[in-house]
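K.L.:
Okay, so the sequence shown: first residue is 12 according to our numbering, each after it adds one. Where is the CB? At the ideal position from N, CA and C, for every residue including glycine. What follows is a structure written as structure tokens; I'll ask about it next.
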Amino acid sequence: MAEKKIKMIVAKPGLDGHDRGAKLLSRIFAEAGMEVIYTGLRQTPEMIVAAAVQEDADVVGLSSLSGVHNYFFPRVVELLREKQMNDVLVVGGGIIPKEDIPGLKQAGVAEIFGPGTNTETIVNFIKENVRK
């Protein structure tokens, strides 16, 4: 029996207009065997969670380059919990100061990947930590 593909939402919350990295990572995740839904730019946490619910996502990947991560990332986690989607793995990346990472993890973001992180490291983290 074929193993179920990991289903991943990749999203850009807030007004950040730069999505080349998110698009590149979406392709890398797809090439790693995941089913990837890229939601596009300027997503609200509600829009991201609605997509995760509709797609029955295993993972939500958030990308921020505009400094909105301290509000948007925890808000996505909070809304997922409200929808009883507690087992969805939430990861983030982008330009995120190291001093913000502990608070994001405390809020329920599983891991933060900064610029230059080896993509194999990200893929392996997702595969090792996604709900089985």
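#1: Could you check if residue 56 is buried or exposed, using at least 16 other CB atoms within 10 Å of its CB as the buried criterion?
#2: For residue 141, collect the residues of the same chain with a Cβ closer than 7 Å to its Cβ; drop the 5 residues on either side in sequence, then sort them by chain order.
#3: Out of 31, 32, 104 and 63, which one is the CA nearest neighbour of residue 93?
#4: Only counting the same chain, and skipping five residues up and downstream in sequence, which positions put a Cβ closer than 7 Å to that of residue 88?
#5: When the Cα of residue 78 is compared with those of 48, 28, 136 and 21, which residue comes out closest?
#6: Cα-Cα, which of 104, 138, 42 and 67 is closest to residue 81?
#7: Which residues in the same chain have their Cβ closer than 6 Å to the Cβ of residue 30, if we skip the five residues on either side of it in sequence?
#8: Answer with buried or exposed for residue 54, where buried requires no fewer than 16 other C-beta atoms within 10 angstroms of its C-beta.
#9: Answer with buried or exposed for residue 73, where buried requires no fewer than 16 other C-beta atoms within 10 angstroms of its C-beta.
#10: What's the gap between the Cα of residue 42 and the Cα of residue 21?
#11: Starting from residue 137 and walking both ways along the beta strand (DSSP E), at which residues does that stretch end?
P.N.:
On the basis of the data shown:
#1: Here residue 56 corresponds to residue number 45 of the sequence shown, with the count starting at 1. Residue 56 should be labelled buried.
#2: Residue numbering aside, residue 141 sits at position 130 when the sequence shown is read from its first letter. Here the set comprises 17, 69, 70 and 100.
#3: By 1-based counting over the sequence shown, the position of residue 93 is 82. The residue with the shortest Cα to Cα distance from residue 93 is 63.
#4: If you number the sequence shown from 1, residue 88 lands on position 77. Excluding positions up to five away in sequence, the list reads 101, 118, 119 and 120.
#5: As a working note, residue 78 is residue 67 in the sequence shown. Answer by Cα proximity: 28.
#6: The count along the sequence shown starts at 1 and reaches residue 81 at position 70. Checked all of 104, 138, 42 and 67; the closest Cα to residue 81 is 104.
#7: Stepping through the sequence shown from its first residue, residue 30 is reached at position 19. The residues are 23 and 52.
#8: Your numbering for residue 54 matches position 43 in the sequence shown. When all chains shown are included, residue 54 counts as buried.
#9: Translated into the one-based positions of the sequence shown, residue 73 becomes position 62. Buried is the call here.
#10: On the sequence shown, position 31 is the one that residue 42 refers to. On the sequence shown, position 10 is the one that residue 21 refers to. Going from the Cα of residue 42 to the Cα of residue 21 covers about 14 Å.
#11: Here residue 137 refers to the residue found at position 126 when the sequence shown is read from its first residue. Looking at the DSSP string, residue 137 is not in any beta strand (DSSP E); the run it does join, the alpha helix (DSSP H), is 130–140.
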